[in-house]
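Participant: Can you read through this structure? Questions will come right after.
Numbering (my numbering), first residue to last: 6 to 741.
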């Protein structure tokens with residue numbers, strides 16, 4: 006069957022847009038084919054800086070005719086329904102519809118819609134121009150006098166269609182003065198001449214000969230292996246960077262790897278700053294001494310041409326720019342070292358964290374207090390946690406971080422070490438932002454853990470307090486990421502972290518801040534009291550004290566609601582985290598259903614133990630028995646009856662119910678004791694022993710006995726089963 010070749014040739018497309026644009030082109034074209042009834046065998050999309058290309062193989066030459074019977078409204082239906090049916094079916098009047106009869110539903114209209122097959126060339130000639138005109142670029146432009154919007158000026162279009170054994174045809178169409186054809190162009194400098202092409206294989210071969218590697222992944226492979234080989238020959242090792250590799254592969258069509266140098270004096274700059282400088286400004290890789298993190302004074306650049314001088318002029322030009330940039334970076338770094346971190350704190354008085362949450366200075370005070378409160382919970386030194394929280398944000402106002410925001414925290418660690426801070430304090434300054442994503446590491450030093458938790462919990466409680474919560478897919482303040490960060494940290498430590506307590510401390514910091522601001526405002530309004538008026542001063546003191554107590558009472562009243570809502574938010578995030586680890590989300594619901602579950606680590610352990618138990622035969626059968634008991638109770642409780650209370654042993658007539666009564670009492674006591682010891686496997690094992698007596702009870706005992714006392718007693722026994730399972734989880738929330 007015939008194949009399609011499509012190329013959209015333009016001025017340079019931004020590297021960050023290329024891969025998605027190629028996939029968008031493939032989806033839009035293949036969707037148009039399928040919608041027209043043309044099913045294809047395969048499709049692949051490609052991109053270079055100057056072109057998007059698509060090949061679709063195995064497309065039939067014609068689409069098959071289709072027939073559809075579309076049911077409409079009843080005969081005699083309102084006119085609005087009739088008109089809607091006609092529009093949807095593409096009919097102009099009811100005369101074109103048919104009336105069908107149904108013995109139960111009566112007469113109704115049916116449209117017999119027949120669509121003849123279409124020639125594939127006609128489908129392509131119509132669909133592709135529409136796709137090009139409406140292409141979803143993140144940003145686009147128009148040029149000259151034309152109306153076409155494209156990411157960069159579009160220069161030519163290749164569109165051929167035909168089988169391998171024949172000369173393909175050009176699908177003829179025109180867009181804004183650009184007519185489709187079979188002419189492409191090679192490398193801008195090496196082979197710019199026009200190149201006639203036929204089908205995809207021919208197209209790829211001719212581009213290769215014209216110094217264009219069409220496949221971005223192949224360009225990446227060439228760059229990576231050539232760069233490794235070049236630096237290995239120098240006795241060095243490439244510092245690999247997948248993001249930069251993807252970007253430079255989108256900047257060149259014919260990659261040529263070159264190696265340049267810079268002065269060794271710049272190696273006194275932190276290596277991360279050197280890397281950020283060279284990467285951001287020149288899109289170059291750095292290299293290091295093998296087996297170490299120590300950088301060498303070399304850089305790797307990717308040229309788009311094979312220069313006649315072997316690239317000497319290119320590397321020299323890039324070297325001059327890199328030396329200038331590193332000189333700036335060294336100046337910034339040396340300047341920053343002259344000022345101690347704590348001396349930068351006054352600058353934060355003028356920096357707003359959020360208009361409703363105060364300044365960065367106020368936030369730093371909150372972080373200090375919160376880190377000190379969390380420190381004992383995670384085994385951290387309180388004084389070190391306070392010191393780290395005080396300095397954690399100070400590198401934000403340094404020269405280096407102002408130039409390279411991506412090294413925030415890291416530079417704070419360098420400056421802290423340079424001024425003699427404790428190693429744990431320095432580590433906390435760098436790590437308090439972590440983890441920032443699923444692939445980021447979790448802090449391990451207790452001081453860093455305390456400050457990282459304080460940073461995230463302060464953010465969450467603050468934005469919850471002002472009702473700036475995530476909605477749908479919108480999360481402008483990255484609150485989901487902050488919650489997942491808290492969860493990952495909590496799961497990684499040995500200590501217990503009760504979220505209720507930690508959140509209460511976090512909210513307390515905002516309460517103190519709000520109370521202080523309000524009292525200051527109150528004092529200002531009462532400033533007319535004369536300093537010589539002793540009675541007036543006493544009245545003011547009493548008023549201030551009363552005002553402070555009332556404000557604290559009002560603020561404290563909001564705390565339980567905020568904490569409860571945040572705990573529910575953490576539960577949702579924990580479901581995501583545990584599901585990613587292979588756990589069932591319904592088991593998380595079952596554990597949270599017990600209430601007062603705020604220790605992430607213990608919840609995870611309960612979920613794991615419950616999941617393991619429910620995979621066993623004992624677990625499956627006990628769950629079935631629980632559901633049978635719960636369903637019977639639910640039906641009876643709908644009548645308004647309640648079966649809470651103790652089982653009366655005098656009304657237990659059969660040995661099976663007496664055995665179950667004793668088994669429940671024993672299992673519940675053992676399970677509660679195990680839970681108190683945080684031995685969830687032991688608690689589950691205790692409940693597992695209920696399986697046999699529960700099975701025997703339902704096999705031999707009629708719950709709805711004729712005697713009212715016996716019946717009520719047996720229902721209370723079923724309630725005892727339900728209550729016993731609540732020692733480990735709410736089984737009503739277990740699905741399946």
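Ideal Cβ positions, reconstructed from N, Cα and C, are used throughout, including at glycine. Predicted model, so just to flag it, every value in this text is computed and none were measured.
Less than 8 angstroms between the CB atoms is what I'm expecting for residue 253 and residue 319, so what's the real figure, rounded?
Facilitator: Contact flag wrong, Cβ pair sits at about 14 angstroms.
Participant: Out of 637, 655, 656 and 654, which one is the CA nearest neighbour of residue 647?
Facilitator: Ranking 637, 655, 656 and 654 by Cα distance to residue 647 puts 637 first.
Participant: When the Cβ atoms of the segment 195-209 are set against those of the segment 27-41, are three or more pairs found closer than 8 angstroms?
Facilitator: Contact between the segment 195-209 and the segment 27-41 is absent, because fewer than three Cβ pairs lie under 8 angstroms.
Participant: Residue 397 to residue 495, Cα distance in whole Å?
Facilitator: About 21 angstroms.
Participant: So, for residue 435: in the same chain, excluding its five sequence neighbours on each side, which residues have a beta-carbon less than 7 angstroms away from its beta-carbon?
Facilitator: The residues are 414, 415, 417 and 418.
Participant: Indicate the three-state DSSP secondary structure (helix, strand or coil) for residue 127 in the structure shown.
Facilitator: Residue 127: helix per DSSP, three-state reduction.
Participant: Would you call the segment 382-390 and the segment 361-372 touching, i.e. three or more CB-CB distances under 8 angstroms?
Facilitator: With a cut-off of 8 angstroms, the segment 361-372 and the segment 382-390 do not count as touching, because too few Cβ pairs lie within range.
Participant: Out of 422, 689 and 166, point me to the one whose CA is closest to residue 614's CA.
Facilitator: Residue 614 has its Cα closest to that of 689, out of 422, 689 and 166.
Participant: Within 10 angstroms of the Cβ of residue 467, are there 16 or more other Cβ atoms? Answer buried if so, exposed if not.
Facilitator: Buried, since its Cβ has 16 or more Cβ neighbours within 10 Å.
Participant: With a threshold of 7 angstroms on Cβ separation, who are the neighbours of residue 724 within its own chain once the five nearest residues in sequence on each side are excluded?
Facilitator: Contacts found: 638, 648 and 649.
Participant: Nearest-angstrom Cα distance between residue 565 and residue 575?
Facilitator: Their backbone Cα atoms lie some 15 angstroms apart in a straight line.
Participant: Throw me the rounded Cβ distance for the residue 43 and residue 68 pair, which I believe falls under 8 angstroms.
Facilitator: At roughly 5 angstroms, the Cβ-Cβ gap stays under 8 angstroms, so residue 43 and residue 68 are in contact.
Participant: Return the residue from the list 261, 616 and 191 that minimises the CA-CA distance to residue 225.
Facilitator: Ranking 261, 616 and 191 by Cα distance to residue 225 puts 261 first.
Participant: Residue 611 and residue 685: beta carbons closer than 8 angstroms?
Facilitator: In this structure, residue 685 lies closer than 8 angstroms to residue 611 by Cβ.
Participant: Under the DSSP definition of a beta bridge, which residues are partnered with residue 12?
Facilitator: Residue 12 is bridged to 58 and 163.
Participant: Go ahead and pull the three-state DSSP assignment for residue 315.
Facilitator: Coil, per DSSP.
Participant: Which of helix, strand or coil does DSSP assign to residue 286?
Facilitator: Of the three classes helix, strand and coil, the one that applies to residue 286 here is helix, per DSSP.
Participant: Taking the CB atoms as reference points, tell me whether residue 214 and residue 202 lie closer together than 8 angstroms.
Facilitator: No, Cβ-Cβ distance for residue 214 and residue 202 is not below 8 angstroms.
Participant: Considering only C-alpha positions, which residue in the set 510, 93, 453 and 55 is nearest to residue 73?
Facilitator: Closest by alpha carbon: 93.
Participant: Between residue 406 and the rest of its own chain, which residues show a CB-CB distance below 7 angstroms, the 5 nearest in sequence each way excluded?
Facilitator: Excluding sequence neighbours, residue 406 sits near 400, 412, 413 and 416.
Participant: What does a CB cutoff of less than 7 angstroms around residue 158 pick up in its chain, not counting 5 residues either side in sequence?
Facilitator: These residues qualify, in order along the chain: 15, 16 and 148.
Participant: For residue 588 and residue 617, I'd like the C-alpha separation in whole angstroms.
Facilitator: In a straight line, the C-alpha of residue 588 is about 10 angstroms away from that of residue 617.
Participant: Give the secondary structure of residue 147 by DSSP, where H, G and I count as helix, E and B as strand, and everything else as coil.
Facilitator: It is coil, neither helix nor strand.
Participant: Excluding five sequence neighbours on each side, which residues of the same chain lie with their C-beta closer than 8 angstroms to the C-beta of residue 457?
Facilitator: So the qualifying residues of the chain are 433, 436, 437, 438, 439, 448, 490 and 494.
Participant: Going by beta-carbon coordinates alone, are residue 219 and residue 58 separated by less than 8 angstroms?
Facilitator: Taking 8 angstroms as the Cβ cut-off, residue 219 and residue 58 qualify as a contacting pair.
Participant: Please check the pair residue 605 and residue 504, which I expect to be a contact at CB under 8 angstroms, by giving their CB distance rounded to whole angstroms.
Facilitator: Right, the Cβ-Cβ distance comes to about 7 angstroms (below 8 angstroms), so this counts as a contact.
Participant: Given that a residue counts as buried once 16 or more other Cβ atoms are within 10 Å of its Cβ, and exposed if not, what is residue 709?
Facilitator: Burial call: exposed.
Participant: What are the start and end residues of each continuous alpha helix (DSSP H) run of 4 or more residues lying completely inside the segment 345-394, in chain order?
Facilitator: Segments of the alpha helix (DSSP H) lying fully in the segment 345-394: 365-383.
Participant: Measuring CB to CB, does residue 281 end up less than 8 angstroms from residue 409?
Facilitator: In contact: residue 281 and residue 409 (Cβ atoms closer than 8 angstroms).
Participant: Using a Cβ-Cβ cut-off of 7 angstroms (strictly less than) and excluding sequence neighbours within five positions of residue 772, which residues of its own chain qualify?
Facilitator: This structure leaves residue 772 out entirely; the chain is present only between 6 and 741.
Participant: Return the chain-ordered list of same chain residues with a C-beta closer than 7 angstroms to the C-beta of residue 363, the five sequence neighbours on each side being excluded.
Facilitator: Excluding residues within five positions, the ones whose Cβ falls inside 7 angstroms are 518.
Participant: How many angstroms separate the CA atom of residue 607 from the CA atom of residue 677?
Facilitator: Roughly 15 angstroms between the two C-alpha positions.
Participant: Between 296, 293 and 279, which has its C-alpha nearest residue 331's C-alpha?
Facilitator: Per the Cα distances, 279.
Participant: Please go through the same chain and pick out, in chain order, the residues whose beta-carbon is closer than 8 angstroms to the beta-carbon of residue 48, but skip the five residues on each side of it.
Facilitator: Closer than 8 angstroms at Cβ, skipping near neighbours: 31, 34, 35, 59, 60, 61 and 62.
Participant: Distance, Cα to Cα, residue 668 vs residue 674?
Facilitator: Computed Cα separation, rounded: 10 angstroms.
Participant: Could you check if residue 726 is buried or exposed, using at least 16 other CB atoms within 10 Å of its CB as the buried criterion?
Facilitator: By the neighbour-count rule (16 or more Cβ atoms within 10 Å), residue 726 is buried.
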